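Undergrad: In this text, residue positions in the sequence shown follow the working numbering: the first is 1301, and each later residue adds one.
Glycine included, every Cβ here is placed at the ideal spot set by N, Cα and C.
All values reported here derive from a predicted model rather than from experimental measurement.
Before I ask anything, let me first share the structure, which is written out below as structure tokens.
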Amino acid sequence: MSSTLRTVCASAAIVTIAATACTSTKSTDSSGSGATGSAAGGTVKVGLVTKTDTNPYFVKLRDSAKAEAQKQNAELIALAGKFDGDNEGQVAAIENLVQQGVKGILITPSNSTGILGALKKAKDAGIVVIALDTETDPKDAVDATYATNNVTAGELQGKYVKATLGVTAPKIIMMDGTAGGTVDEMRHRGFLQGIGVAEGSPQIVGKANTNGDQNKAQAAMENLLQRSTDVNAVYTINEPAARGAYAAISAKNLQSKITMASIDGGCQGVQDVKDGKYLATVMQFPKKMAEQGVDAVVKFAKDGSKPSGFQDTGAQVISDKPVAGLDIKDTAWGLQNCWG
């Protein structure tokens, strides 16, 4: 997917640095100490590249990384794509961070294969590379991954919807994310496994890519419901997509007919569940991902040790309507622990 990128220059906020590094990407300095150069005393620089800087999930991940970097006396340089799927923006961000001399790059890849060349260059430059939230394909394109097991998260969503439907055969609309995204494919596949429906089954009455965006999800659901309202189950890639789908469903007065769940576990999403907009959400823990990622980069900078493999940061079903066979926490617990 191509895009017109906004050229920005991430310039030094520390007066002792003489040079600046420019790139064509959307930049967010969340370090509070400047976007380029090393702080006095050889402060470890940690790069973060998220899919966007507007999705609340990635805002939480970025803010958690910032807080942990400050705790570790490190400097965070946060960059992002303009939208979910902005592969070119993420490649430019990686190149920017390499030029700025970071010790490690934390990344939530929009397209897990499209950034492989840029990641290899970073690793060849001696930078430790860690995926957060989203695995790369192949997995060893990064040194380590700290993430939710997204197949499991999708499966939990599917199992919850199946248990709620009971003996009623599902008629499903799939509110997918971004074509080609690893998370998107894994959650989609997990949901179908959980609900017990094969890909391509006639029980899937409609599907659309939403890029995890509320407005796009609402428009997509409106279009699908114009074709048919014979649906009783909705899969959503994330909570913004669920909110958009709910807006379209409620406009048609179909709330009582349709069982919908989601994945994210943000505070707004948990409140949506409490308010009855959808029945359940699967909580992720981006704060844990960000903290562990920053800690790994700081440790690498200190002693050269690299993290490795996949580190599952957990998933928890949140609902006020428990079903048999699933470990479920209520929304009171969810509001106390959202995105912890």
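Note down, in chain order, each residue of its chain lying with its Cβ closer than 8 Å to the Cβ of threonine 1408, except the 5 sequence neighbours on either side.
TA: Only Val1349, Thr1350, Lys1351, Phe1358, Leu1361, Ala1431, Leu1432, Asp1433, Thr1434 meet the Cβ criterion.
Undergrad: Does the Cβ of aspartate 1424 have 16 or more other Cβ atoms within 10 Å, making it buried, or fewer, making it exposed?
TA: Exposed, because fewer than 16 other Cβ atoms sit within 10 Å of the Cβ of aspartate 1424.
Undergrad: Following the continuous beta strand (DSSP E) through threonine 1581, name the residue where it begins and the one where it ends.
TA: 1580-1583 is the extent of the beta strand (DSSP E) around threonine 1581.
Undergrad: How do the stretch 1434-1453 and the stretch 1481-1488 stand: do at least 3 beta-carbon pairs fall below 8 Å, yes or no?
TA: Yes: at least three Cβ pairs fall under 8 Å.
Undergrad: Classify valine 1467: buried if its beta carbon has 16 or more other beta carbons within 10 angstroms, exposed otherwise.
TA: Looking at its Cβ environment, which holds fewer than 16 other Cβ atoms inside 10 Å, valine 1467 is exposed.
Undergrad: Measuring CA to CA, which of Ser1556, Lys1557, Val1573 is closest to aspartate 1297?
TA: Since the first and last residues shown for the chain are 1301 and 1640, residue 1297 lies out of range.
Undergrad: Who are the near neighbours of alanine 1533 in its chain, counting only those whose CB is closer than 8 Å to its CB and skipping five residues on each side?
TA: Closer than 8 Å at the Cβ level, and outside the excluded window around alanine 1533, lie Val1461, Leu1465, Pro1470, Lys1471, Ile1472, Ile1473, Ile1495, Ile1558, Thr1559, Met1560.
Undergrad: In chain order, which alpha helix (DSSP H) runs of at least 4 residues are fully inside the stretch 1488-1512?
TA: DSSP runs (the alpha helix (DSSP H)) wholly in the stretch 1488-1512: none.
Undergrad: Taking its Cβ as the centre, do 16 or more other Cβ atoms sit within 10 Å of glutamine 1555, making it buried, or is it exposed?
TA: Result: exposed.
Undergrad: Going straight from the alpha carbon of glycine 1401 to that of isoleucine 1415, what length do you get?
TA: If you take the alpha carbons of glycine 1401 and isoleucine 1415, they lie about 19 Å apart.
Undergrad: What did DSSP end up calling phenylalanine 1383 once you bin it into helix, strand or coil?
TA: If DSSP states are grouped into helix, strand and coil, phenylalanine 1383 belongs with coil.
Undergrad: Could you pull the start and end residues of the alpha helix (DSSP H) that alanine 1548 belongs to?
TA: Unbroken alpha helix (DSSP H) run through alanine 1548: 1539-1551.
Undergrad: With DSSP run on the structure shown, which of helix, strand or coil describes leucine 1465?
TA: Leucine 1465: helix per DSSP, three-state reduction.
Undergrad: In chain order, which alpha helix (DSSP H) runs of at least 4 residues are fully inside the stretch 1612-1638?
TA: Runs of the alpha helix (DSSP H) inside the stretch 1612-1638: 1631-1637.
Undergrad: By DSSP, does aspartate 1363 sit in helix, in strand, or in coil?
TA: Three-state DSSP puts aspartate 1363 in a helix.
Undergrad: Check glycine 1640 in the structure and name its three-state DSSP category.
TA: It is coil, neither helix nor strand.
Undergrad: Give me the Cα-Cα distance between valine 1617 and threonine 1631, rounded to the nearest whole angstrom.
TA: Taking the straight line from one Cα to the other gives about 10 Å.
Undergrad: In the DSSP assignment, what are the bridge partners of leucine 1524?
TA: Note: leucine 1524 sits in no beta bridge, so no partner.
Undergrad: On the DSSP letters alone, give me the boundaries of the alpha helix (DSSP H) that valine 1597 sits inside.
TA: Here the alpha helix (DSSP H) through valine 1597 covers 1586-1603.
Undergrad: With a Cβ-Cβ cutoff of 9 Å, do leucine 1376 and valine 1598 count as a contact?
TA: No, Cβ-Cβ distance for leucine 1376 and valine 1598 is not below 9 Å.
Undergrad: Just tell me which of Lys1621, Thr1529, Gly1566 has its CA closest to the CA of alanine 1551.
TA: That would be Thr1529, whose Cα lies nearest to the Cα of alanine 1551.
Undergrad: With DSSP run on the structure shown, which of helix, strand or coil describes valine 1534?
TA: It is a strand residue.
Undergrad: Closest by CA to alanine 1543, which one among Glu1368, Gln1526, Leu1524, Gly1512?
TA: One detail in the question is off: residue 1543 reads as arginine in this sequence, not alanine. Checking every option, the nearest Cα to that of arginine 1543 belongs to Gly1512.
Undergrad: If you count every other CB in all the chains shown that lies within 10 Å of the CB of alanine 1624, and 16 or more means buried, which is it?
TA: The residue in question, alanine 1624, is exposed, as its Cβ has fewer than 16 Cβ neighbours within 10 Å.
Undergrad: Can you grab the Cα-Cα spacing for the pair phenylalanine 1383 / arginine 1527, in whole Å?
TA: C-alpha separation (whole angstroms): 28 Å.
Undergrad: Do valine 1429 and leucine 1419 have their C-beta atoms within less than 9 Å of each other?
TA: Result yes, Cβ atoms of valine 1429 and leucine 1419 sit closer than 9 Å.
Undergrad: Can you tell me whether proline 1502 is buried or exposed? The criterion is at least 16 other CB atoms within 10 Å of its CB, across all chains shown.
TA: Result: exposed.
Undergrad: Taking C-alpha atoms, which residue in Ala1444, Gly1404, Gln1592, Lys1577 lies nearest to phenylalanine 1600?
TA: Cα-wise, what sits closest to phenylalanine 1600 is Gly1404.
Undergrad: Taking proline 1540 and asparagine 1411 to be in contact with their CB atoms under 8 Å, please state how far apart those CB atoms are, rounded to whole angstroms.
TA: Proline 1540 to asparagine 1411, Cβ: 19 Å. No contact.
Undergrad: Near methionine 1583, what residues of its chain come up, given a Cβ to Cβ distance below 6 Å and the 5 sequence neighbours on each side ignored?
TA: Excluding residues within five positions, the ones whose Cβ falls inside 6 Å are Gly1565, Gln1616, Ile1618.
Undergrad: With DSSP collapsed to three states, give me the class of alanine 1369.
TA: Helix, per DSSP.
Undergrad: For lysine 1439, collect the residues of the same chain with a Cβ closer than 8 Å to its Cβ; drop the 5 residues on either side in sequence, then sort them by chain order.
TA: Excluding sequence neighbours, lysine 1439 sits near Thr1445, Phe1610.
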